[in-house]
């Protein structure tokens, strides 16, 4: 490897729709830092199905979570990272037994889990610093859509201007737990936040926008608002089973992809963003970036 320096990190993202483990090799090559994913495991536990309907994680789903995280901890131990971090988001924030589950996980397999706020979730997602690879003098709106919440960050000329988390997510929409007031609050915040800035493009993260990008066949290129709207309209006319058959989607993606597209479209329209860049990154990537920045 020559003069290159290798750092290994692990990140666990306990989301409302899925639980993810990212094992990452970070290589310092002079002035350049390379983030190379060694392994990414995604388990669709759907914790939000409980959290946003009965207000807590059921015993059956809690058992699945414990087994999943026990397996993740074994992966982490074998990978031997210099640091790891496990973060739980909207589903555990909304659950009455969230703190109890965190304690049970620690006792069961030794994995330390943090329930982070929506604000910190937005900050960790922003830690990916994808804006550093884009036009320096432009404004961008970073949008991360999850099962239980949506994090939006505005940055201009390479600086973070404002950031906010909203309790609007794909599973909340599927269970009709997002009021019109919630929608208006989010859209008004976006309009007010971006009013003084020209938004060159939106930046999207999360499994759904990654899949949408792949379906439209625009990998490596920004996705036009019009193309996203056309796909949304087509998918909306199909049943979940029809989406699985026609678009070869997994069942746990086929139901949430439509509400996800609806959220992205609403935010892009409010920000007058004509396109969205999809760099294939998310919260787990942000956790790794943050860990590496802290280690330095």
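In this note's numbering, the protein residues as written are 47 to 342.
The C-beta atom is built at its ideal place from N, Cα and C for all residues, glycine as well.
Test item: CB-CB of residue i and residue j under 7 Å
| i | j | result |
| --- | --- | --- |
| residue 217 | residue 320 | no |
| residue 57 | residue 333 | yes |
| residue 317 | residue 240 | yes |
| residue 151 | residue 157 | yes |
| residue 176 | residue 190 | no |
| residue 94 | residue 163 | no |
| residue 96 | residue 107 | yes |
| residue 154 | residue 112 | yes |
| residue 228 | residue 245 | no |
| residue 202 | residue 243 | yes |
| residue 101 | residue 142 | yes |
| residue 284 | residue 322 | no |
Proximity to residue i [Cα-Cα], best of the options
| i | options | result |
| --- | --- | --- |
| residue 336 | 199, 122, 197 and 129 | 129 |
| residue 328 | 197, 247, 275 and 103 | 197 |
| residue 92 | 192, 75, 149 and 259 | 192 |
| residue 301 | 260, 221 and 270 | 221 |
| residue 131 | 68, 291, 242 and 188 | 68 |
| residue 211 | 236, 203, 202 and 101 | 236 |
| residue 223 | 195, 238, 205 and 339 | 195 |
| residue 84 | 127, 322, 149 and 285 | 127 |
| residue 187 | 102, 133, 104 and 314 | 314 |
| residue 310 | 338, 288, 259 and 340 | 259 |
| residue 133 | 142, 123 and 148 | 148 |
| residue 77 | 50, 102, 101 and 295 | 50 |
| residue 254 | 184, 326, 226 and 270 | 326 |
| residue 251 | 238, 119, 174 and 139 | 174 |
| residue 206 | 169, 238 and 219 | 169 |
| residue 139 | 103, 124 and 109 | 103 |
| residue 261 | 105, 293 and 247 | 293 |
| residue 6 | 286, 119, 247 and 295 | Because residue 6 is not part of the residues shown, which for the chain are 47 to 342, the question remains open. |
Presumed contact (8 Å Cβ cut-off) between residue i and residue j, rounded CB distance
| i | j | result |
| --- | --- | --- |
| residue 65 | residue 114 | 6 Å |
| residue 135 | residue 160 | Their Cβ separation, rounded to whole angstroms, is 10 Å, which puts residue 135 and residue 160 out of contact at 8 Å. |
| residue 304 | residue 256 | About 15 Å; that fails the 8 Å criterion. |
| residue 52 | residue 73 | 6 Å |
| residue 54 | residue 71 | 6 Å |
| residue 307 | residue 274 | 6 Å |
| residue 331 | residue 90 | In fact, because the Cβ distance is near 19 Å, the residues do not count as touching under 8 Å. |
Original post:
Is the stretch 229-242 in contact with the stretch 277-287, if contact means three or more CB pairs nearer than 8 Å?
Top reply: no
Minimum length 3: unbroken beta strand (DSSP E) runs contained in the stretch 156-200: The stretch 156-200 contains these whole beta strand (DSSP E) runs: 159-161 and 185-191.
### Query
In chain order, which continuous runs of the alpha helix (DSSP H) of length 4 or greater are located wholly inside the stretch 50-95?
none
Tell me the start and end of each unbroken beta strand (DSSP E) in the stretch 121-153 that is at least 3 residues and wholly inside, in chain order. 129-134
- [ ] Go through the stretch 239-316 residue by residue and report every complete run of the alpha helix (DSSP H) that reaches 4 residues or more, in order.
- [x] Complete alpha helix (DSSP H) runs here, min 4: 253-262, 271-282, 286-293 and 297-300.
Exercise for the section: Identify every run of the alpha helix (DSSP H) within the stretch 205-235, keeping only runs that are complete inside it and at least 4 residues long; order them along the chain. Expected result: 216-220
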